[in-house]
Each structure stands twice: as structure tokens, then as C-alpha cells.
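Q: Quick one: structure below, then a few questions.
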Amino acid sequence: MKNFLTLFLLSIFSLYSAQDSIKTATPITKDTKFGLALSGGGAKGFAHLGILKTIDSLGIKIDYITGTSMGGILGGLYAMGYNGEQLKKMVYGMNWKRILSNKIPYNQVNISEKDEYNKYILEFPVINGKPSLPSSYIEGQYMGEVLNTLTFPAKHVNDFSKLQIPVQLTSSDIVNGGLVMQKKGSLALAIRSTLAIPAAFAPVYIDGKLLVDGGLDRNFPVKEVKDMGADYIIGGYTGFRLFTKEEIKNPMKMIYQTHAFHSVQDFNEQKKMSDILVDFVTPLNDYTTKDFRKYREIIKIGEAEAKKHLPEFIALANEQRKLGIIYDHKLIEEEKKPTIRFTYSEDNGTPINNPAEIEAIRSLMGLKEGVYYDAKTINAAIDRVFGVRQYDRVYYTYTDSEQGLIMNIFVKRAAPGNLKLALHYDNEQSVGIILNYTYRDYAEAKFRALATVDISERFKARLQFQKFLDTDYRWWISMEGNISFLKSNDLLLRFSGDNDIENNLFFPNYIYRNIKANTAINYSLHPNTMASFGLEFNAEKLNRSVDKISQTFTDLYSKKVYYHTNLDLYFKFNQNSFNTRYYPTSGNNLQFITKYYFGDQYDLYNLQEIQPQLYDYLNPGTEGYYKPKNLISLTLNENYIVPINKRISVKANAFLGTNFAPQTLGSSEGIPYLFLNQKFNLGGSEYNFDGMNPEFNGFRQKEVPMNSIAKLGLEVQYRIYHRIYLTPSFHYASISDELSPFKSNEKLIGYGLNLGYESILGPININVSRNDALSIWRAYFSIGFKF
């Protein structure tokens, strides 16, 4: 009874409040037109969903919509026919980290570019020989893809007054100044222009004008919806407020305040024309425009604030029903017309006049005239063009005609040269700065050249050249040279070396220098799959590295230990569909590598007299060894990741490294001798993309060199919070000095736990692990992108 009485009193209060509010609002007749104006405000604009859901729940008819920035996104999609609840589900389902990044999913990057993708902190375009700042932080390739997908049912509508609800979106001419209302063209592109916050998001060319966020001129477009014909206006404002005297002591807030003056003054004028105004500024005082990850809280506040105006909304809904004004809000129906023609332009609208570039884009897209394509197919085609990384942005619009649709492809060319930088540290090697210069010319010469150097105690460098041979970007030749100076973790080498030193007076480290050069012809079977056939030269050298204190005790040993060169013919097959380079949650990486070794030459620098046990380990003529002839190695490395839910994914790994030798030199009894660069190296906790050296718990990177290895691994990756991952892992391996791992009874079991964080500096990993061979816990720490 008490609950019933409370409900009754609230109903009476709402009725009287509604009657009072409707008296002060614009008089409503059968001819009254109703407008909705939604402001910009970045992530705070999610609060507008509270208004849209209230409008839907009460069946209020809207005749015109205007919007800015986030208000433009929601307003434009609502005008198409999406309802408030659908838009809320969209916001909940969005990958905001990806949308607000400058990256596309790793599995959409062309296989020829994967090795260099997402490995650097900073990238600077090189213009006229000098590094320069990028024009904006986010180009928005993936954001454009999302908008095109959401607006795809309305792709044939080039006049926004023909949508379910006529809509206009604000933008600002960043070159000439002034407000520009987007009324025609591509709805997705109009939405993209209204959210182009200067310096944060790249500006957009429409009809020859360079446009940015309309909030610069009109953040709350009430006058504009009135000009469209609206008599009664509902407004949602999530924009600026002025900071207090104390707050502007913060210099960043002082800069913000200078921009806020105009917007706040304009809001004070615009709100006078609003009949129902939901002002979210004070309730959202603790949130910023960039708090996209807090969308749940912002939406909840928006729903609560809209409820405070419920009497006004109820009164409006009642008046509309009395006058027979009908709410009929439904999603626009897609017209499945064929694409009859393609056009190709630069992003400023200038037609591309290079036939070779047009043919390259056509070949990569793989679309034909006279065929209907859905959004998924179109997006995949656009991704193939963007995936070769010749362009900073690739997007499309449609022009409607009686015969079908004309698809207009736009490309924003990337600067040919880019200077890139990354930092790294791990407790097994060293700290360093990685510098890279990449030059591309895919439109004309169809090549990529790069030079990378790791400036650190453990010096590394790489030169690479790729030259494409066809317009499909399927065939290319490559040439590459690598040099590295790394501390050797070879467990057998250290045991042999230590035992050669009388009384264990000192323990030398060994520096492994490796120089590789190869040339290959490559073929892309799929954007994620390639095959290569090539010739490789390999030179490896071992030197001792003795600390200064130890050198005072002895000077008996030369630094030179071992030198070896050889050649190999190789065939490689690689399929990589990981969705991200680091901490992937789906996809697989399959590597098949076979090599035929020949041309071995070596020098052991008189180790027989100086360190006999080390000589025995490195000398192919040592008693108990035999040297295989015509050695062929085979490597199979499969990593398969299955998502269980949004937080958990399971990774299974199978690795096989084995050898075949039809003939041998000398007796075939004993242990086959393989040079260091012919062995498989077990160990390390981080995934190794080279395919030859499987990670294994409890060992350092490449700590256990073996003639053959068979390994199984199982990992469960759990996303604790946003970009923090906890990954327990279990490894099992069979290792052997024989050519086949299945001829050995030596088994290894390892287990470990990794805590990873995807930071702006690169992945951060803290790993503890152990195995039954060493029976000690090993700790590993690394930060940054690897060479």
C-alpha cells in the first residue's frame, strides 16, 4: 500500500510538473516541427544516449537533427534509423583502443610488411630530407572503416535530407575559417569530418575544403536545426565549462580556457532557443573528452540526467499523441545496387592520373564492375590496399545513379621516407635505442628499402631491400643483410669454457657475432601467407669477453675462439594471422623452413693447446663426432591461439626441428657434429618470430643448442585489466644430439608465469620460470620493442 501511494504521488507530481513546463515551452500544433541538437564533447558525448533512449521510450517524433563531434556521430546514426538502445550496444561493443589508434589489426597488414609493423614508438615523416612532425596524431583508418560499416545501409543516400530524419552535421574550414554544414555527400565522411579534433585526428577533404571538428565554430548547433525548420527543440549539451581562478594555474587548463570562452558564450545564446535542454556539464565535471574507456559511467550519468527532465519529455510525448503526431523510427533499408564504376583520387579530390598506380589499387582490391558487394567485402578490399603501407589512409564513398553505384576510392599518400625510433631493455642483453629509416615507392618503382641500427652495447644492424615484380604485389625479390653482436647464452659453451680455466680463476663471457646476407624470390599466396626460396650466406664468430678485474689475474688466452662460414639454400613458408603482434588473442603463425647447407669453412684459433675441452666441443674432428654430409634441416613451428571469451585465450605451440643427412664423412658412429648456426636453440620466455629457436621455460634465450628438438607448449593468457595480461605456461620437449629428436630419451618439462603490459614504450614483461633440467627459478624482465 505504501509503495502504491508513493507511485501515485509521483505520478501526480509528474503530471503537474509536465503541465507547468509545457506552458513555458513553444506552443505545439499539428504543424510543429521538432528538432534535436546534440553538442560535441568527445567521450562525454556518450551521455546523449540518455536523451535518445528517453525519446524512443516515450515515442517522441523528431523531424530534424543537427550534431557536432560525438553529437554528430550519434545524431547522424540516429537519423539513419538506429535507435538509442542499438547505439548504446554499439558503444559497448566498440574496440575503442583500436579506433583511437593509428593502427589496423595485425592480420590486415600485408605479409611483406608484418616484420616492420608496430615495432616503433615514434615515426616521423621525412620531408625535403628533414624529419618533421606528423600533421595529426590519429589518421583514423580503422575509425573510417567502422563508420563506413555503420552507415553502409545509407551508402546510396547522397542527400542527408532523404534519410529517415533529415540531418546536418557541423564542421569547420581549417584553412579559410567559418562553419560548414554537411548536408550532402557521404554520411560516413561527414561524420568523420565533424569529429576531426585538430592535431588529434587528421582533417578531412570534402568538396575541396579541408575540414575539422565543427566545435571550433558551433559546438551546440541549435540555430542550425532551427534554420532547418524546427519549431520545438530538444538539446543535449556536453561541452565546455570555464575553469576557476585556481584551476587555471595549470598551464594546460589555461590553454583550454582560451578556447572555451567562445564556446561557452555561444552556448549561452544557443540554449535560449532550446525548449528542453539537458545540460550534462556539471554531472560530467570529473570526466574529460578523452575518457572513452569510461563509456559505461558516462552513459549511466546521461541516463540519470535525462530522467530528471522526464516530466518535460512526458508532456511533449502526450501533446504529440493528442495531435496525432506519429513516432515511426526504423532503420533505413539498404538498396543492394551493383557497383558499376570505380574512380580513383587523392584525398584532396585530385584524380590519380598514374595508370600504374590505379592498376595496383585495382589489383589489390580485387573488385569488379557490375557486382554488389557488402560492407565486409569492401572493407577487406580497402584493407588490402592500406596493408602495403604506401598510404596513410584509404577510404571510399559512393555516388548513386539509376544504373547502380559509383565507388570513389580516395588515398592519402604517405611520406616516402620515415624515421622511426624505439627503446628496449632486457636483463639478458642490454639497453639500447633502435633507429630506423624506411623509404617506399610502391606507386612507381614498387620497392621498399630500410636501414635499422640498434645503438647499444650489443650492437645490431639490418639492411633490407624489397622490389615488387607485378601490380598484384604478389611477386617480389628481396635482399637483406644483418649483423649482430650478442652475449652468448650457450650453456654447453660456458660449461666447456669454465672447465678450461685452472682453478676456476675467472669465468669469461662469450660474444657471438653473426653476419647474414640473403637474397630470395617471394610469393604472396594471401595477404597473410607467403613462400620464399633463397640463398643465404652466414658468418659466425665467437670471442671471449673478460672483465677488467679478471684480466689482472691472467693473460693466457686469446680473445679469438671460433670462426665459421657457410651457405644454405632455403625454402620458407609462413602464414601469420595473429590479430596483434603482441599478446595476440586469436589467429595462428605457421612456419615451415627447410635448408640445405654447404660450403662450410672454419677456424678454431689453436684452441687445442689453450683450452682443450672447448676445442673438443667446437671441433668437428673430435673423437666421438662424425660430420654429416649434404645436411638438410627441417623446421615446423605452429602457434595457434583460440579465444575462449573476451578475457581468456589459449595458445598451443608445436615445434619440430630435425635434420637429414644422406651421407656422412668418416664413421657414422658417435654424435653428429653441427656448427653453431645449424643447431636449434632452446630457451627464452618471449615469442621468437624467426621460427628457428623455440622458447622454453627456465632457460635464457637460446641457452640450449641442440641438433634436434621436438617441443609442445600450452599457454593460457588472461587479460586482467585493459592491457595487462597474466599468462601461465607449460612446456614439454624432447631434445637430442642426434639428427632426430625421436631418437633420444632426454625429456624436459618447464613451467612459468608471465606478467605483461602493453605500454606506449612497447611490451613490458616480467617472467619467472623453472624447468626440471636446471631446477632453479629464472627471472626475466624486458621493456620496449625488439630489434
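The sequence shown runs -18 to -1, 1 to 769 under mature numbering (1 follows the signal peptide of the UniProt record, and there is no 0). The C-beta atom is built at its ideal place from N, Cα and C for all residues, glycine as well. Please read all numbers here as calculations on a predicted model, not as lab measurements.
1. Along the chain, which unbroken stretches of the beta strand (DSSP E) at least 3 residues long are found entirely within the region 406 to 451?
2. Does residue 104 pass the burial test, meaning 16 or more other C-beta atoms within 10 Å, or should it be called exposed?
3. What are the uninterrupted segments assigned as alpha helix (DSSP H) that are 4 or more residues long and contained completely in the region 330 to 363, given in chain order?
4. Kindly provide the ranges of any alpha helix (DSSP H) runs that are 4 or more residues long and lie completely inside the region 564 to 607, ordered along the chain.
5. What's the call for residue 612, buried or exposed, on a 16-neighbour Cβ count within 10 Å?
6. Rounded to the nearest angstrom, how far is the Cβ of residue 319 from that of residue 354, given a contact under 8 Å?
7. Pick helix, strand or coil for residue 531, following the three-state DSSP scheme.
8. Quick one: give me the first and last residue of the beta strand (DSSP E) that residue 293 is part of.
9. What does the Cβ neighbour count give for residue 487, buried or exposed, with the cut at 16 atoms within 10 Å?
10. Output needed for residue 601: all residues of its chain with C-beta closer than 7 Å, excluding positions within five of it in sequence on either side, in chain order.
11. Quick check: the region 658 to 669 against the region 441 to 457, are at least 3 beta-carbon pairs closer than 8 Å?
12. Can you find the residues in the same chain that come closer than 7 Å, C-beta to C-beta, to residue 150, ignoring five residues on each side of it along the sequence?
13. Taking only the alpha-carbon atoms, compute the straight-line gap between residue 607 and residue 643 and give it to the nearest angstrom.
14. Residue -3: buried (16+ other C-beta within 10 angstroms of its C-beta) or exposed?
15. Relative to the C-alpha of residue 24, which residue among 253, 113, 72, 219 is closest?
16. Between which residues of its own chain and residue 631 is the CB-CB distance below 6 Å, once the five residues before and five after are set aside?
17. With distances taken from CA atoms, which of 547, 545, 452 is nearest residue 504?
18. Quick one: give me the first and last residue of the alpha helix (DSSP H) that residue 206 is part of.
19. Can you have a look at residue 9 and say buried or exposed, based on whether 16 or more other CB atoms are within 10 angstroms of its CB?
20. Starting from residue 761, follow its DSSP beta bridges and name the residues at the other end.
21. Any chance you could list the alpha helix (DSSP H) runs of at least 4 consecutive residues sitting entirely within the region 681 to 713, in chain order?
22. Ignore the nearest five residues each way along the sequence and tell me which others in residue 756's own chain have a CB closer than 7 Å to its CB.
23. Could you give the distance in angstroms between the alpha-carbon of residue 256 and the alpha-carbon of residue 272?
24. Please report the Cβ distance between residue 268 and residue 202, rounded to the nearest whole angstrom; I am assuming they are in contact, meaning their Cβ atoms lie under 8 Å.
25. Determine the burial state of residue 569: buried for a count of at least 16 other Cβ atoms within 10 Å of its Cβ, exposed for fewer.
26. Excluding sequence positions up to five away, which residues of its chain have a Cβ less than 7 Å from the Cβ of residue 389?
27. Would you mind stating whether residue 737 and residue 706 have Cβ atoms separated by less than 9 Å?
28. Which residues in the same chain have their Cβ closer than 6 Å to the Cβ of residue 731, if we skip the five residues on either side of it in sequence?
29. Measure the Cβ-Cβ separation of residue 545 and residue 524 and say whether it is below 9 Å.
30. According to DSSP, simplified to helix, strand and coil, what is residue 804?
31. Mind checking who residue 323 pairs with in its DSSP beta bridge?
32. Residues in its own chain within less than 8 Å of residue 720 by CB, not counting five upstream and five downstream?
33. From residue 564 to residue 745, what distance separates their C-alpha atoms?
34. Excluding sequence positions up to five away, which residues of its chain have a Cβ less than 6 Å from the Cβ of residue 761?
35. Check for me: the alpha helix (DSSP H) holding residue 130 runs from which residue to which?
36. Taking only three categories from DSSP, how would you classify residue 70?
A: Let's see:
1. Segments of the beta strand (DSSP E) lying fully in the region 406 to 451: 413 to 423, 429 to 438, 442 to 450.
2. When all chains shown are included, residue 104 counts as exposed.
3. If one requires a minimum length of 4 residues, the alpha helix (DSSP H) runs lying completely within the region 330 to 363 are 337 to 347, in chain order.
4. Those alpha helix (DSSP H) runs which fall completely within the region 564 to 607 and span 4+ residues are 589 to 592, 594 to 600.
5. Note on residue 612: under 16 other CB atoms within 10 angstroms of its CB, so exposed under the neighbour-count rule.
6. Residue 319 to residue 354, Cβ: 7 Å. Contact.
7. With a pLDDT of 47 at residue 531, under the threshold of 50, the modelled position of this residue cannot be trusted, and the question is left open.
8. Counting along the chain, residue 293 falls outside any beta strand (DSSP E), though it belongs to the alpha helix (DSSP H) covering 292 to 304.
9. Its pLDDT being 42, under 50, residue 487 is placed unreliably in this model, and the value from its coordinates should be taken loosely. Here residue 487 is exposed: its Cβ has fewer than 16 other Cβ atoms, across all protein chains shown, within 10 Å.
10. Closer than 7 Å at the Cβ level, and outside the excluded window around residue 601, lie 586.
11. Result no; under three Cβ-Cβ pairs closer than 8 Å.
12. Contacts found: 48, 142, 163, 164, 165, 206, 210.
13. Residue 607 and residue 643 have their alpha carbons spaced roughly 14 Å apart.
14. Caution applies to residue -3, whose pLDDT of 37 falls short of 50 and renders its modelled position unreliable; the model cannot decide the point.
15. Looking at the Cα atoms, 219 is the closest of the given residues.
16. Hits under 6 Å: 567, 623, 625, 699.
17. Distance check between residue 504 and each of 547, 545, 452 places 452 closest, using alpha-carbon atoms only.
18. Unbroken alpha helix (DSSP H) run through residue 206: 204 to 210.
19. With fewer than 16 other Cβ atoms within 10 Å, it is exposed.
20. DSSP output for residue 761 lists 750 as bridge partner(s).
21. Fully enclosed alpha helix (DSSP H) runs of 4 or longer: not present.
22. Closer than 7 Å at Cβ, skipping near neighbours: 680.
23. So the two alpha carbons sit approximately 27 Å from each other.
24. About 21 Å separates the two Cβ atoms, so there is no contact after all.
25. When all chains shown are included, residue 569 counts as buried.
26. The beta carbon of residue 389 lies closer than 7 Å to those of 321, 324, 378, 380 in the same chain, with the five residues before and after it left out.
27. Yes, they are a contact pair.
28. Excluding residues within five positions, the ones whose Cβ falls inside 6 Å are 714, 754.
29. It is a contact, given that the beta carbons lie within the stated cut-off.
30. Nothing in the structure corresponds to residue 804, since the chain is present only between -18 and 769.
31. Partner(s): 388.
32. Hits under 8 Å: 653, 654, 689, 690, 726.
33. The alpha-carbon separation between residue 564 and residue 745 amounts to approximately 7 Å.
34. 750, listed in sequence order.
35. 123 to 132 is the extent of the alpha helix (DSSP H) around residue 130.
36. Residue state, collapsed to three classes: helix.
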